[in-house]
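**Q** Pasting a structure here, questions to come.
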Amino acid sequence: MSKKQSWYPGHMVATQRTIRELASYLTAFIEVIDARAPLISRHQPLEQWVGRTPRIVVLNKSDLANVRATKQWVECIERQGEGTVAVAVTSRNTGVKKQLEKAIRRFLNPPYRLAVVGVPNVGKSTLLNRMVGSNRVLTGAKPGITRGPQWIRLPGGWEWLDLPGVVTPRHSRDWRLKALGIVPSLAEERFDLVEKIWPLVMEPAQLPSSWLQWGKDRGFLRTGGVVDEQRTLDAIVLGFQNGKFGRVTLEWPEDC
Ligand SMILES: Nc1nc2c(ncn2[C@@H]2O[C@H](COP(=O)(O)OP(=O)(O)OP(=O)(O)O)[C@@H](O)[C@H]2O)c(=O)[nH]1
Ligand SMILES: [Mg+2]
2 MSKKQSWYPG HMVATQRTIR ELASYLTAFI EVIDARAPLI SRHQPLEQWV
52 GRTPRIVVLN KSDLANVRAT KQWVECIERQ GEGTVAVAVT SRNTGVKKQL
102 EKAIRRFLNP PYRLAVVGVP NVGKSTLLNR MVGSNRVLTG AKPGITRGPQ
152 WIRLPGGWEW LDLPGVVTPR HSRDWRLKAL GIVPSLAEER FDLVEKIWPL
202 VMEPAQLPSS WLQWGKDRGF LRTGGVVDEQ RTLDAIVLGF QNGKFGRVTL
252 EWPEDC
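Note that this note's numbering has the sequence shown beginning at 2, numbered continuously upward.
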């Protein structure tokens with residue numbers, strides 16, 4: 002099996018089964034997506050798995066997305082999905098707890114049995130930790146951190162389930178998922194990624210027109226003073242994922 006094909010861990014298959022089995026027990030699914038790419042970061046098969054169970058769509062990492070685009074996306078998602086509630090949040094900030102609880106109480110009746118679902122690395126576990134008020138589950142800046150289901154039960158009847166991120170192998174080839182760190186990119190793929198990323202960030206972030214120049218300016222040099230290309234590419238991809246180059250939305254709403 003090639004390196005590329007092998008990135009479809011068994012825990013994702015198990016998670017899909019868990020989602021289907023739990024749908025009738027849950028009050029709702031909290032579907033976390035990346036506010037920078039609300040279409041491609043939605044896992045399409047979830048639509049069938051969640052069945053009739055209500056869903057709250059959380060556009061997370063809104064601190065990294067264009068403010069106007071995110072506002073439009075919230076309206077668009079609510080308009081398209083009957084009975085769907087969409088909320089734009091930043092799980093890195095504490096305010097998310099109040100904001101999401103308000104949406105949950107408005108939309109749903111207790112008991113609150115909620116499962117956090119979505120593609121990898123969008124901030125599902127970070128959100129859950131905020132909602133339960135302490136760091137109960139593991140988070141990290143790379144996809145595939147959560148490996149199995151974990152229930153957190155709180156006084157007052159709140160139950161939260163953290164789940165591993167899921168993607169389909171076909172879906173996972175999209176460059177935007179790699180640019181956002183939703184699926185890992187290989188070192189040799191980063192040249193193509195940076196060629197796509199750089200034009201998007203160059204002007205707004207007032208960067209040199211060549212990404213090689215950016216590497217040079219950072220002092221990413223090899224012996225003899227030539228720019229260390231791979232180091233520069235890696236730093237740009239990582240920087241983009243962390244919002245180093247400012248707010249960038251990769252997908253804007255159309256026809257909604
Ligand atoms: N800038 C920013 N970063 C965030 C936000 N929420 C989460 N992160 C970061 O995104 C990374 C992934 O967070 P996790 O909570 O581990 O993501 P996950 O969806 O649980 O990932 P898997 O378990 O791998 O599926 C971490 O580095 C978080 O600190 C946010 O609102 N804004
Ligand atoms: Mg997680």
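For each residue, glycine too, the CB sits at the ideal point set by N, CA and C.
DSSP state of R114, grouped into three classes?
**A** If DSSP states are grouped into helix, strand and coil, R114 belongs with the strands.
**Q** Between which residues of its own chain and L201 is the CB-CB distance below 6 angstroms, once the five residues before and five after are set aside?
**A** Once the five neighbours on either side are set aside, the close Cβ partners of L201 are V249.
**Q** Taking 7 angstroms as the cut-off, does the CB of K125 come closer than this to any heavy atom belonging to ligand 2?
**A** Answer for K125: yes, Cβ within range of ligand 2.
**Q** Tell me, to the nearest whole angstrom, how far the beta carbon of L181 is from that of R37; I am working on the premise that it is less than 8 angstroms.
**A** Confirmed, about 6 angstroms.
**Q** Whole angstroms are fine: how far does the CA of T19 sit from the CA of Y113?
**A** Going from the Cα of Y113 to the Cα of T19 covers about 18 angstroms.
**Q** Which residues mark the beginning and the end of the beta strand (DSSP E) in which D35 is found?
**A** Unbroken beta strand (DSSP E) run through D35: 29-35.
**Q** Could you have a look at G119 and say whether DSSP puts it in helix, strand or coil?
**A** Of the three classes helix, strand and coil, the one that applies to G119 here is strand, per DSSP.
**Q** Exposed or buried, what is E196 when buried is set at 16 or more other beta-carbons lying within 10 Å of its beta-carbon?
**A** Exposed: under 16 other Cβ atoms inside 10 Å.
**Q** Whole angstroms are fine: how far does the CA of L234 sit from the CA of G225?
**A** Approximately 19 angstroms between the Cα atoms of the pair.
**Q** Check each candidate in P150, I183, G134 and name the one with the smallest Cα separation from A15.
**A** With distances taken between Cα atoms, A15 lies closest to P150.
**Q** Taking the alpha-carbon positions, what's the R154 to A29 distance?
**A** Approximately 15 angstroms, taken between the alpha carbons.
**Q** Residue range of the alpha helix (DSSP H) that A87 falls in?
**A** Premise fails: A87 lies in the beta strand (DSSP E), 86-89, not in any alpha helix (DSSP H).
**Q** Could you check which residue in R21, L27, E76 has the C-alpha nearest to that of G158?
**A** Closest by alpha carbon: L27.
**Q** Cβ of T95 within 7 angstroms of any heavy atom in ligand 1?
**A** Incorrect: T95 has no Cβ contact closer than 7 angstroms to ligand 1.
**Q** Could you round the C-beta distance between V75 and P121 to whole angstroms and report it? I think they count as a contact, below 8 angstroms.
**A** About 23 angstroms; that fails the 8 angstroms criterion.
**Q** Quick check on DSSP: helix, strand or coil for V168?
**A** Reduced to three states, the DSSP call for V168 is coil.
**Q** Determine whether the beta carbon atoms of P165 and M13 lie at a separation below 8 angstroms.
**A** Contact: yes.
**Q** Keeping to the same chain, check which residues put their C-beta closer than 6 angstroms to that of S126; ignore five residues upstream and five downstream.
**A** Around S126: V138, T140, T147, D163.
**Q** Are there 16 or more other CB atoms within 10 angstroms of the CB of C257, so buried, or fewer, so exposed?
**A** Looking at its Cβ environment, which holds fewer than 16 other Cβ atoms inside 10 Å, C257 is exposed.
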